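Inspection log for the structure reproduced underneath, given as structure tokens.
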Amino acid sequence: MDPKLRLTAVVMLLGALVLITGCNQAATAPRGQKQMEVVVTTPITGEVTDYQDFTGRLDALKTVDIRARASGFVMEAPFKEGDFVHEGDLLFQIDRRPYQATLNQAEANLKVAKADRNLQEKNAQRARVLIGSKSIAREDYDTILATSEKAAATVGATEAARDLAELNLSYTRVTAPLSGRISRRFVDPGNLVTADTTILTSMVSDNPLYAYFDVDERTYLELVGPAKRGQSSWLSELRFPVLMRTANEDEFTHTGVVNFIDNRVSATSGTIRMRAVFDNPSGVLKPGLFVRIRLPIGNPYQALLIPDEALMSDQGRKFVYVVNNKNEVEYRAVDLGQEVQGLRVIKKNLAMGERVIVSGMQRVRQKAVVDVKMKDPPKPPDSPLGRLLAAAQGDKEKGRAPDKEKKNQAADTLHGN
Numbered sequence: 000m001d002p003k004l005r006l007t008a009v010v011m012l013l014g015a016l017v018l019i020t021g022c023n024q025a026a027t028a029p030r031g032q033k034q035m036e037v038v039v040t041t042p043i044t045g046e047v048t049d050y051q052d053f054t055g056r057l058d059a060l061k062t063v064d065i066r067a068r069a070s071g072f073v074m075e076a077p078f079k080e081g082d083f084v085h086e087g088d089l090l091f092q093i094d095r096r097p098y099q100a101t102l103n104q105a106e107a108n109l110k111v112a113k114a115d116r117n118l119q120e121k122n123a124q125r126a127r128v129l130i131g132s133k134s135i136a137r138e139d140y141d142t143i144l145a146t147s148e149k150a151a152a153t154v155g156a157t158e159a160a161r162d163l164a165e166l167n168l169s170y171t172r173v174t175a176p177l178s179g180r181i182s183r184r185f186v187d188p189g190n191l192v193t194a195d196t197t198i199l200t201s202m203v204s205d206n207p208l209y210a211y212f213d214v215d216e217r218t219y220l221e222l223v224g225p226a227k228r229g230q231s232s233w234l235s236e237l238r239f240p241v242l243m244r245t246a247n248e249d250e251f252t253h254t255g256v257v258n259f260i261d262n263r264v265s266a267t268s269g270t271i272r273m274r275a276v277f278d279n280p281s282g283v284l285k286p287g288l289f290v291r292i293r294l295p296i297g298n299p300y301q302a303l304l305i306p307d308e309a310l311m312s313d314q315g316r317k318f319v320y321v322v323n324n325k326n327e328v329e330y331r332a333v334d335l336g337q338e339v340q341g342l343r344v345i346k347k348n349l350a351m352g353e354r355v356i357v358s359g360m361q362r363v364r365q366k367a368v369v370d371v372k373m374k375d376p377p378k379p380p381d382s383p384l385g386r387l388l389a390a391a392q393g394d395k396e397k398g399r400a401p402d403k404e405k406k407n408q409a410a411d412t413l414h415g416n
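Going by numbering that gives the first Met the number 0, the sequence shown opens with residue 0, and the numbers climb by one from there.
Right, here's the structure in full:
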């Protein structure tokens, strides 16, 4: 190639590069000066109740194994498996004919004994008249009186035998000892059962239900804290309200009350067993279900709250970005409290009216100037635990426990199971 042409091409190429670089600089300069846009909101205040969640299992108030108390063949089982039965309903009928025959024999023996007793009483009356006129020997008189007393005792023995025969006959009707949900039958009609041994079926009471859960010793000590200061403790009076949800529920919709605390802390796990009682009018809840228990700790209080998405983490330390009056970003380490319905309690280093970044904080840095877009503050959270505690406190001041009806239903088994 001609050297002049080569030189001309090089010059043209350098000129093009200069033009391209200048255009890029002109295009990027405005973008570099553009401020980052962030979404901010202000904290709110709301009533908050601290709580701890624990896992638990539902259990029946009463559980009964239905056993045969009379030996014999099962004639019928007129109940629907898994159905709700009422106290006194017939569950199994055992062959009653042998027991009826025994009762008939006992009644006949009783009639014989009564006839003999009546005869001996008349002989005793005549003997008392004759002994007065010395028309009968003293030895014969004593024999007649002893025979009369023996006949009376025989009547008592045969009456007891008759009563036992009646009782055994009644055992051939196996009835429900309580109202509750019945399981499947373990013995079908036609099978031979043995008294006091064979289990025919089982029953549980399903309204109300117990929920057993284990509480760590630190939480337990916080709950009984008022008792140390000479005040009455919720737990000492078994009045503490709790919430519960099942595995398929997102919210704690079931309300109950603690009605039992174990008498010692487990040295192995460092926990103490507690029990709450819950109503189950629909019968949907079953003994053995896994549940979550929400236990309130302390009294409700007013707290500062921000949306949970505003929080960021720096090597385990939580912080937020705050925009000051100059629209500059400030790094603010905060102390966190309870999480409540998507909001987080802030205990320190944040004040009302400050603008907290809730969107776009991943792209900003401290001291950066940002374009602020305001977002309405969140609504104050609902406080079902606070309402429960307030209602329970009102009942406590009146000298009665909350959910009194539930406690009365469970009073006979508070220290059982």
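Backbone N, C-alpha and C fix where the C-beta goes; we use that ideal spot for every residue, glycine too.
These numbers were taken from a predicted model, which means no experiment stands behind them.
Check                                                                                                                                                  : Outcome
State the DSSP-derived secondary structure class of residue 216, mapped to helix, strand or coil.                                                      : helix
I'd like to check one pair, residue 73 with residue 91: are the Cβ atoms closer than 8 Å?                                                              : yes
How should residue 289 be labelled, buried or exposed, when 16 other C-beta atoms within 10 angstroms of its C-beta is the threshold for buried?       : exposed
May I ask which residues mark the beginning and end of the beta strand (DSSP E) holding residue 422?                                                   : Nothing in the structure corresponds to residue 422, since the chain is present only between 0 and 416.
Which residues does DSSP list as the beta-bridge partners of residue 71?                                                                               : 192
When the Cα of residue 96 is compared with those of 39, 163, 171, which residue comes out closest?                                                     : 171
Are there three or more Cβ pairs, one per stretch, closer than 8 Å when the region 154–163 is compared with the region 182–190?                        : no
At what residues does the alpha helix (DSSP H) containing residue 149 begin and finish?                                                                : 137–169
I'd like the list of long-range same chain contacts for residue 334, defined as Cβ closer than 6 Å, with 5 residues on each side in sequence excluded. : 346, 347
How close, in whole Å, do the beta carbons of residue 197 and residue 67 come, if the pair is a contact with beta carbons under 8 Å?                   : 5 Å
Ordered along the chain, which non-local residues of its own chain (more than five positions away) have a Cβ less than 6 Å from that of residue 23?    : In this prediction, residue 23 scores a pLDDT of 47, lower than 50, which makes its location untrustworthy; no coordinate-derived value is stated.
Whose C-alpha, out of 371, 266, 77, 241, is nearest the C-alpha of residue 55?                                                                         : 241
Assuming the contact rule is C-beta atoms closer than 8 Å, residue 37 and residue 321 should be a hit. Round their C-beta distance to whole Å, please. : Not quite, the Cβ-Cβ distance comes to about 11 Å (not below 8 Å), so this is no contact.
Measuring only the C-alpha atoms, how far is residue 186 from residue 200?                                                                             : 8 Å
Tell me residue 329's beta-bridge partners as DSSP assigns them.                                                                                       : 321
Going straight from the alpha carbon of residue 253 to that of residue 244, what length do you get?                                                    : 6 Å
Under 8 Å Cβ to Cβ from residue 268, same chain only, skipping five residues before and after it: list those, please.                                  : 213
Return helix, strand or coil for residue 51, following the three-state DSSP convention.                                                                : strand
Considering Cα atoms alone, identify which of 292, 270, 204, 330 is closest to residue 210.                                                            : 292
Roughly how many angstroms lie between the CA atoms of residue 82 and residue 64, to the nearest whole one?                                            : 16 Å
With H, G and I counted as helix, E and B as strand and the rest as coil, what does DSSP make of residue 210?                                          : strand
Do you know how far the Cα of residue 177 is from the Cα of residue 434?                                                                               : The structure shown has nothing for residue 434, since the chain only spans 0 to 416.
Where does residue 338 fall in DSSP's three states?                                                                                                    : strand
Measuring straight from C-alpha to C-alpha, what distance separates residue 218 and residue 251?                                                       : 20 Å
Using CA coordinates, which residue listed in 349, 298, 149 is at the minimum distance from residue 239?                                               : 298
Does the distance from the CB of residue 34 to the CB of residue 369 come in under 8 Å?                                                                : yes
Could you compute how far the alpha carbon of residue 89 sits from the alpha carbon of residue 113?                                                    : 36 Å
Excluding the 5 residues flanking residue 59 on each side, which residues of the same chain have their C-beta closer than 6 Å to its C-beta?           : 203, 204, 286
Going by DSSP in three states, residue 46 sits in which element: helix, strand or coil?                                                                : strand
Quick check: the Cα distance between residue 325 and residue 356, rounded to an integer number of angstroms?                                           : 14 Å
Relative to the C-alpha of residue 336, which residue among 52, 367, 303, 69 is closest?                                                               : 303
Rank 247, 329, 99 by C-alpha distance to the C-alpha of residue 166 and give the top, closest one.                                                     : 99
Can you find a CB in chain D that lies within less than 8 Å of the CB of residue 164?                                                                  : Note that chain D does not occur in the displayed structure, where there is just one protein chain.
Mind checking residue 77: buried by the 16 CB within 10 Å criterion, or exposed?                                                                       : exposed
With DSSP as the reference, please indicate the residues paired to residue 36 in a beta bridge.                                                        : 370
So, helix, strand or coil for residue 31, using DSSP?                                                                                                  : Bear in mind that the predicted position of residue 31 carries a pLDDT of just 49, short of 50, making it unreliable; the figure below should be weighed with that in mind. Residue 31 falls in the helix class under three-state DSSP.
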